[in-house]
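Trainee: My questions all concern the structure below.
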Amino acid sequence: MTLALSFKALSLHGGASLDRNAGTRAGWWAWFLQRLTGVALVGYLFLHILVISTVQAGQDAFDSVLIVLQKPFFVVLDLFLIAAVVYHALNGVRVLLFDLGIGLKRQAGLFWVCMVLTTILTLVVGYFSLPLIFRN
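Have a look at this one:
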């Protein structure tokens with residue numbers, strides 16, 4: 173009985189629903205992407221602290237790290253970082269609205285709104301930031 177209640181509690185939060193006929197899996201994807209972006213952002217935070225700590229090794233060491241981080245590969249990673257931050261924030265607001273009882277019957281639609289806004293905002297930020305990064 174306790175196990176059944178635990179599964180029911182999980183499915184109420186849009187997470188690991190056991191119902192295969194749940195229609196769209198938007199709730200599961202929202203749950204999964206929130207956790208994935210959260211872990212990625214924590215990982216980025218540690219890497220950011222590591223990069224900033226190279227200042228202690230001197231200006232030359234810090235400048236050499238910055239030169240590496242301006243390579244196209246890392247710029248693309250920055251765009252993924254922007255997408256992760258935007259999605260994580262928007263989905264967090266979506267979950268906050270659900271906690272307030274707003275939009276509970278429109279969970280899938282609000283998930284797709286978050287995805288579209290994430291895409292648009294990431295493209296806009298990329299459009300304006302890439303020329304600044306690649307200026308010589």
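Every position in the sequence shown, counted from 1, becomes a number in this note's numbering once 172 is added.
Idealized CB from N, CA, C, for every residue including glycine.
1) Distance check for Pro303 and Ile127, CA to CA, integer angstroms please.
2) According to DSSP, is Gln231 helix, strand or coil?
3) Which same chain residues end up closer than 7 Å to Leu269 when comparing Cβ atoms and leaving out the 5 residues on each side of it in sequence?
4) Roughly how many whole angstroms lie between the Cα atoms of Leu249 and Arg197?
5) As an exercise, report each continuous alpha helix (DSSP H) stretch of at least 4 residues that is fully enclosed by the stretch 206–269, in chain order.
6) State the CB to CB distance for the pair Ala212 and Asn263, rounded to an integer number of angstroms; the pair is presumed to be in contact (CB under 8 Å).
7) Here's a check: name, in chain order, each residue in its chain whose Cβ is nearer than 6 Å to the Cβ of Thr226, leaving out the five neighbours to either side.
8) Give the C-beta separation of Ile254 and Val297 to the nearest angstrom, bearing in mind that I take them to be a contact with Cβ-Cβ under 8 Å.
9) Looking only at its chain, what residues have a beta carbon closer than 6 Å to the beta carbon of Phe300, apart from the 5 residues adjacent to it on each side?
10) With a cut-off of 8 Å on the beta carbons, I'd call Leu251 and Thr294 a contact; round off their distance for me.
11) Who are the Cβ neighbours of Val258 in its own chain at under 7 Å, not counting the five residues just before and after it?
12) Just to confirm my understanding: we take Gln279, look at its own chain, exclude 5 residues before and 5 after, and list those with CB closer than 6 Å. What are they?
Mentor: For this structure:
1) Nothing about residue 127 can be read from this structure; the chain reaches only from 173 to 308.
2) Here the question's residue 231 lines up with position 59 in the sequence shown. Three-state DSSP puts Gln231 in a helix.
3) The sequence position of residue 269 within the sequence shown is 97, counting from 1. Gly275, listed in sequence order.
4) Here residue 249 corresponds to residue number 77 of the sequence shown, with the count starting at 1. Here residue 197 corresponds to residue number 25 of the sequence shown, with the count starting at 1. So the alpha carbons of these two residues sit roughly 27 Å apart.
5) 231–241
6) Along the sequence shown, read from residue 1 onward, the residue named residue 212 stands at position 40. Along the sequence shown, read from residue 1 onward, the residue named residue 263 stands at position 91. Actually they are not in contact, since the Cβ atoms of Ala212 and Asn263 sit about 13 Å apart, beyond 8 Å.
7) In the sequence shown, residue 226 corresponds to position 54, counting from 1. Closer than 6 Å at the Cβ level, and outside the excluded window around Thr226, lie Ala233, Phe234 and Val237.
8) Sequence index remark: in the sequence shown, residue 254 carries index 82 (1-based). Sequence index remark: in the sequence shown, residue 297 carries index 125 (1-based). At roughly 5 Å, the Cβ-Cβ gap stays under 8 Å, so Ile254 and Val297 are in contact.
9) Translated into positions along the sequence shown, residue 300 becomes position 128. Once the five neighbours on either side are set aside, Phe300 has no close Cβ partner at all.
10) Residue numbering aside, residue 251 sits at position 79 when the sequence shown is read from its first letter. Residue numbering aside, residue 294 sits at position 122 when the sequence shown is read from its first letter. Their Cβ separation, rounded to whole angstroms, is 6 Å, which keeps Leu251 and Thr294 in contact under 8 Å.
11) Position 86 of the sequence shown holds residue 258. Closer than 7 Å at the Cβ level, and outside the excluded window around Val258, lie Thr290, Leu293 and Thr294.
12) For the purposes of this step, residue 279 is identified with residue 107 of the sequence shown, where counting begins at 1. Around Gln279: Gly199.
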